Amino acid sequence: MNIIILSSCRWSDMLQRPHHMARALAKLGNTVTFIEPAYRQVSMNKSDISETDILEINIKETKNIDGVYIYSPIQAINNIPVSTISYQLICQFLLPKNSENDNVIITYLPAYIHVITALDSAKYSLVYDCVDDHSDLTYSYWSSKNDIENEAILMDKADIILTTSSSLFLDKSIGRDNVYLSKNAVNTEDFILSSKDTEPDDIKNIPGPRIVYMGAIDKWFNTELFYKVIESNPDKSFILIGPQNGTIINKTYQNLYLLGPKKHAELKNYLKYMDVGIIPFRDDIDLIINCDPIKLYEYLTCGLPVVSTGLPDLCINNGFIATSNNHFEFSNSINEFLNVELDMQAINTFIANNTWSKRAKDLLSILNENKTNQAHKNEVINDMQQNWGTFLAENENPIIKSLYSLTYAESNIEKFLEDSKTAYEVKGDMFTLKQYVIALYLNNRIEDACNIVLTNPFVNDVNKAELKLQMNRGIDVLINIHLFYCIRKLELVLDLINYLPTNSEIYQLELANYYVEVGRIEDALNIYNNFRDVSMSENSPLFHTNLKAMLTRLGLHSDAQKSHFISIQLIDKLLNKDDRFTNWKNLFTETQVCDNCGEVNSTLVITRPDNQNIVSCTNCGLAYLEKIPVSSKLHKLYDFGYYTHSQVAGYNNDYFNEDKGYMFKPRLNWINNTTKTNKEKTILDIGCANGEFLSYAKESGWKTYGIEISSESYSIAKKLGIEVYNDELQNVKFPDNYFDCITLWDVVEHYISPKRELKEIFRILKPNGKLFISTPNHRKGIFNGENWFGYNASYEHLFYFEPSTLIDMLTSIGFKIDDSFTHDAGDWNFTNVRSVGHVLLLSARK
Numbered sequence: 106m107n108i109i110i111l112s113s114c115r116w117s118d119m120l121q122r123p124h125h126m127a128r129a130l131a132k133l134g135n136t137v138t139f140i141e142p143a144y145r146q147v148s149m150n151k152s153d154i155s156e157t158d159i160l161e162i163n164i165k166e167t168k169n170i171d172g173v174y175i176y177s178p179i180q181a182i183n184n185i186p187v188s189t190i191s192y193q194l195i196c197q198f199l200l201p202k203n204s205e206n207d208n209v210i211i212t213y214l215p216a217y218i219h220v221i222t223a224l225d226s227a228k229y230s231l232v233y234d235c236v237d238d239h240s241d242l243t244y245s246y247w248s249s250k251n252d253i254e255n256e257a258i259l260m261d262k263a264d265i266i267l268t269t270s271s272s273l274f275l276d277k278s279i280g281r282d283n284v285y286l287s288k289n290a291v292n293t294e295d296f297i298l299s300s301k302d303t304e305p306d307d308i309k310n311i312p313g314p315r316i317v318y319m320g321a322i323d324k325w326f327n328t329e330l331f332y333k334v335i336e337s338n339p340d341k342s343f344i345l346i347g348p349q350n351g352t353i354i355n356k357t358y359q360n361l362y363l364l365g366p367k368k369h370a371e372l373k374n375y376l377k378y379m380d381v382g383i384i385p386f387r388d389d390i391d392l393i394i395n396c397d398p399i400k401l402y403e404y405l406t407c408g409l410p411v412v413s414t415g416l417p418d419l420c421i422n423n424g425f426i427a428t429s430n431n432h433f434e435f436s437n438s439i440n441e442f443l444n445v446e447l448d449m450q451a452i453n454t455f456i457a458n459n460t461w462s463k464r465a466k467d468l469l470s471i472l473n474e475n476k477t478n479q480a481h482k483n484e485v486i487n488d489m490q491q492n493w494g495t496f497l498a499e500n501e502n503p504i505i506k507s508l509y510s511l512t513y514a515e516s517n518i519e520k521f522l523e524d525s526k527t528a529y530e531v532k533g534d535m536f537t538l539k540q541y542v543i544a545l546y547l548n549n550r551i552e553d554a555c556n557i558v559l560t561n562p563f564v565n566d567v568n569k570a571e572l573k574l575q576m577n578r579g580i581d582v583l584i585n586i587h588l589f590y591c592i593r594k595l596e597l598v599l600d601l602i603n604y605l606p607t608n609s610e611i612y613q614l615e616l617a618n619y620y621v622e623v624g625r626i627e628d629a630l631n632i633y634n635n636f637r638d639v640s641m642s643e644n645s646p647l648f649h650t651n652l653k654a655m656l657t658r659l660g661l662h663s664d665a666q667k668s669h670f671i672s673i674q675l676i677d678k679l680l681n682k683d684d685r686f687t688n689w690k691n692l693f694t695e696t697q698v699c700d701n702c703g704e705v706n707s708t709l710v711i712t713r714p715d716n717q718n719i720v721s722c723t724n725c726g727l728a729y730l731e732k733i734p735v736s737s738k739l740h741k742l743y744d745f746g747y748y749t750h751s752q753v754a755g756y757n758n759d760y761f762n763e764d765k766g767y768m769f770k771p772r773l774n775w776i777n778n779t780t781k782t783n784k785e786k787t788i789l790d791i792g793c794a795n796g797e798f799l800s801y802a803k804e805s806g807w808k809t810y811g812i813e814i815s816s817e818s819y820s821i822a823k824k825l826g827i828e829v830y831n832d833e834l835q836n837v838k839f840p841d842n843y844f845d846c847i848t849l850w851d852v853v854e855h856y857i858s859p860k861r862e863l864k865e866i867f868r869i870l871k872p873n874g875k876l877f878i879s880t881p882n883h884r885k886g887i888f889n890g891e892n893w894f895g896y897n898a899s900y901e902h903l904f905y906f907e908p909s910t911l912i913d914m915l916t917s918i919g920f921k922i923d924d925s926f927t928h929d930a931g932d933w934n935f936t937n938v939r940s941v942g943h944v945l946l947l948s949a950r951k
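Put into structure tokens, the structure is as follows:
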């Protein structure tokens, strides 16, 4: 067969499923071509570039590794994007005009549907090898909103759908009989040791017993459990092999060893000298529930027993894989495996049934036979029912119970409802909710499903409110559409939308809402621009939320925020909650005078979307809010969750999980390069949040102090070993002339009286001590007008500085200005200093 693989990853030393399948299919005598994701950029000395030129460049550097032909498509020529046409031309070049059964395309990403659609004139069988849950955009960060719709189109077009886990199989096979379970596997030849293979130098001095984790260390790694297991087992060495995303592992232990990534060919040398393989994943997130880790098979091939958290495909009854619900069970399983003799015959039998060669043969068999097989589907589901039923008889696991219930979705909807309800009542998360709601729907208990959704804390308030609106209107199909929005079953949403009359306004509105959900913003905007029935949209929180997203994309931030405030008022009204917008506006009651010069007269600069006026002092030009909260209510601007979300401000971020080293490290270098101090150098970061900047300063040799009024952030910073105070600066009472350096990163604009705080800073700085400030540059706002970002977010800002007004305030206190410059957001290394940039940076000394 002529097999073309459209891969999700490049060919590298770290092998994943696309590599393994390619190698196995090639060994069986097939012609296999592996097409990498486009990444190459080239230049040509011509402006008129033809398709022939593009094809010649794409096929010029073909490689052959392990019998697999590898193509690296061009992403751009002379900075002109050509990735899609590159894929198409390569595929057309590789597809000869012979029988359909001789040509096969295997795709690993939904995004390739655009390439496949362009090949309709060619004859081939299409295989979609589904390895991930592309709807989990939180953890599957390589996926996008577009993948949700692209995958639905791809599955309708595919002749065969392979799924790598039981959960994916259940999700994709309902209503289809061309879905096959094809779990991950191992190539045993990759793990055969020769006489030349010896124990690697970097583990020779690590004492046993050795517990190993091999693979990527990312957000799905259960660090909390892992740390407790390490702490509970000081007599064992824990070894991590693989790349780490950022600093997921941020604690050090005497018995923890991070070896970093290794080539796939080197892994056997490490695993040979280990005792137990572990998989400490978070087992409550969709990405992991839907995965079947390759490392399981590689551990077992090297004779290692496996201890894992409760991944569904590992909850099977054998003597060499143990799953656990907590760190106690995890530790106990490790100890049990260290003290028993494994049944190697049983392991070898398991491995023999789970090799990449067998997976490749199975695929070829499917391709050569009928492409539909109800018998396979029944056999797989029966195995799941038997394995999980046995497991659940001895263990309580709501995720497994929920999946177990799903095995009855097409055969016994009453049992589906009974078991999904049991799982939901124990766990109550989005995963168990999804199965329970579908079961209620199939049993025609729509009202019950709606009530369950409306009381679930994990469902988005926008979707809840929209569902409540449609329940009030009483149109069944709209209720069902927004019920499925609540559980993120977008393929069912589209099916129901298509029941609406296509020439109706409500069809157009719902289609536009769907387009926003799947990333088709321009298509949605076209519909919204032509939408005329205001009565259908004016009371819809989802419409105003989506409109805000589209206006933001167009750079119309002011109008976007106005839509946002309409949305949250509708949400609060429909869900019978306190009116957040009104409560917010009512905080601003105290009329201000200029904090710099005391002038009472001011002129209006602009009215923010939250209805607060920004004014400018007629004497010194300082810009500030006309009204501010009284000091006793200031904390209400920073309620719990301020650093993880901002419901009123209309933007979402997660400060704690966002690594800001890109911004803080250049600023620390700036400080270190311009500050002369003694060996004992002290730094105070006011508004230190979770302490990230101070953690870098501490590594750089500074003695660190922090001020943070958020108790949530204070607790996190405290754990980093930073001396931090959960109070206002004025209340801490530091001694005179105490600090070498003080930093105010995006803080000065929050003060009720910046001048008073700067005077206190001046007092506690040592002579020649340095103050470093960052703040949004209001001069940029004056230039940009109402759509400047600073007017349309961070509504807790009370002052709006530009270089002249900040310098004026500092010098009136006694500071001497060392440096002042601005740069745009994103230019965190200050490589392009601007006269009117978004960020104002300033340093001054006492």
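For our numbering, add 105 to where a residue sits in the sequence shown, where the first one is 1.
Beta carbons: idealized from backbone N, C-alpha and C, even for Gly.
As the structure is a computational prediction, the values presented were derived from the model and not from experiment.
*Within its chain, find whatever has a CB closer than 7 Å to the CB of K573; leave out the 5 residues flanking it on each side and keep chain order.*
Counting only residues of its own chain and dropping the five nearest sequence neighbours on each side, K573 has a CB closer than 7 Å to the CB of L559, L679, L680.
*Per DSSP, A949 is paired with what?*
As computed with DSSP, A949 is found in a beta bridge with L876, I922.
*Thinking C-alpha only, which one of W461, T780, D207 is nearest Y287?*
The question names Tyr, but residue 287 in the sequence shown is Ser. Looking from the CA of S287, the closest CA among W461, T780, D207 belongs to W461.
*asked:* According to DSSP, is G365 part of a helix, a strand, or is it coil?
replied: Of the three classes helix, strand and coil, the one that applies to G365 here is strand, per DSSP.
*Given 8 Å as the limit, is there contact between the stretch 112-127 and the stretch 211-219, that is, 3 or more CB pairs closer than that?*
Result yes; three or more Cβ-Cβ pairs closer than 8 Å.
*asked:* For a quick check, are the C-beta atoms of I952 and V381 less than 9 Å apart?
replied: With the chain represented from 106 up to 951, any question about residue 952 goes unanswered, as that position is not in the structure.
_Length of the line joining the Cα atoms of L120 and N360_ = Rounded to the nearest angstrom, the two C-alpha atoms are 28 Å apart.
*Give the DSSP-derived three-state secondary structure of Q104 in the structure shown.*
There is no way to answer for residue 104, as the model of the chain reaches only from 106 to 951.
*For F326, count neighbouring C-beta atoms within 10 Å of its own C-beta (all shown protein chains included) and say buried if the count is 16 or more, exposed if not.*
Flag for F326 reads buried.
_For L656, three-class secondary structure by DSSP_ = Of the three classes helix, strand and coil, the one that applies to L656 here is helix, per DSSP.
*Can we say the stretch 870-881 touches the stretch 843-858, given the rule of at least three CB pairs closer than 8 Å?*
Yes: the two stretches touch, three or more of their Cβ pairs being nearer than 8 Å.
*asked:* Bridge partners for R145 per DSSP, in chain order?
replied: Paired residues: I179.
*What does DSSP give as the partner residues of I211 in its beta bridges?*
Beta-bridge pairing links I211 to I110, V232.
*asked:* Taking contact to mean 3 or more Cβ pairs, one atom from each stretch, closer than 8 Å, check whether the stretch 883-900 and the stretch 711-725 are in contact.
replied: Between the stretch 883-900 and the stretch 711-725, the count of Cβ pairs shorter than 8 Å is three or higher; the stretches touch.
*Just tell me which of I869, P908, R868 has its CA closest to the CA of G886.*
The residue with the shortest Cα to Cα distance from G886 is P908.
*asked:* To the nearest angstrom, how far is the alpha carbon of G755 from that of D790?
replied: Because G755 sits at a pLDDT of 49, beneath the cut-off of 50, its placement in the model cannot be relied upon, and the following sentence gives the value as read from the coordinates. So the alpha carbons of these two residues sit roughly 27 Å apart.
*Cβ-based burial, T268 [other Cβ within 10 Å; buried from 16]*: Answer is buried; the Cβ neighbour count reaches 16.
*Can you round the beta-carbon distance between S337 and P312 to whole angstroms, since I take them to be within the 8 Å contact cut?*
That belief does not hold up - the Cβ atoms of S337 and P312 are roughly 17 Å apart, past 8 Å.
*Per DSSP, what kind of secondary structure is C725 in: helix, strand or coil?*
Annotated three-state conformation of C725 is coil, per DSSP.
_So for Q697, helix, strand or coil by DSSP?_
Note: Q697 maps to coil in three-state DSSP.
*asked:* On the DSSP letters alone, give me the boundaries of the alpha helix (DSSP H) that W775 sits inside.
replied: It spans 766-779 - the alpha helix (DSSP H) in which W775 sits, taken as one unbroken run.
*Straight-line Cα distance separating G766 from T352*: Distance between T352 and G766, taken at the CA atoms: about 11 Å.
*Strand pairing of I346, partner residues [DSSP]*: Per DSSP, M319, G365.
*Write down the C-beta distance between M106 and V209 rounded to the nearest angstrom, noting that I regard them as a contact closer than 8 Å.*
The pair is a contact, with the Cβ atoms about 6 Å apart (cut-off 8 Å).
*Looking at C-beta atoms only, is the number of pairs between the stretch 452-471 and the stretch 486-493 that lie closer than 8 Å three or more?*
Contact between the stretch 452-471 and the stretch 486-493 is absent: fewer than 3 CB-CB pairs across the two stretches fall below 8 Å.
*asked:* Suppose the cutoff is 6 Å on Cβ atoms and the five residues either side in sequence are ignored; what does the same chain contact list for K653 look like?
replied: A665, S668, H669.
*asked:* Using DSSP's beta-bridge definition, name the partner residues of A427.
replied: The partner list for A427 (beta bridge, DSSP) reads V412.
*Are L709 and K738 closer than 9 Å when you measure CB to CB?*
The answer is no: Cβ separation not under 9 Å.
_Beta-carbon proximity list for D932, same chain, < 7 Å, skipping 5 on both sides_ = If we look at D932 and ignore the five residues flanking it on each side, it has no Cβ neighbours.
*Select from S429, I182, N934, F904 the residue whose C-alpha is nearest the C-alpha of V698.*
For V698, the closest of S429, I182, N934, F904 by C-alpha to C-alpha distance is F904.
*Whose C-beta lies closer than 6 Å to the C-beta of E304 among residues of the same chain, with five residues either side of it excluded?*
Annotation for E304: Y378 place their beta carbon closer than 6 Å to its own, counting only its chain and skipping 5 residues before and after.
*Evaluate H750 with the Cβ neighbour count: other Cβ atoms within 10 Å of its Cβ, from every protein chain shown; 16 or more gives buried, anything less gives exposed.*
For H750, the pLDDT reaches just 44, beneath the cut-off of 50, and the residue's location in the model is therefore unreliable, although a value from the coordinates is still provided. By the 10 Å Cβ count, H750 comes out exposed.
*Quick one: what does DSSP say T357 is sitting in, helix, strand or coil?*
Coil.
_Secondary structure of K808, DSSP reduced to three states_ = Of the three classes helix, strand and coil, the one that applies to K808 here is strand, per DSSP.
*Which ranges would you report for the beta strand (DSSP E) in the stretch 247-318 if only whole runs of at least 3 residues count?*
For the stretch 247-318, whole beta strand (DSSP E) runs of length 3 or above, ordered along the chain, are 265-268, 284-286.
*Which of helix, strand or coil DSSP assigns to G886*: G886 carries a helical assignment under DSSP once its states are collapsed to helix, strand and coil.
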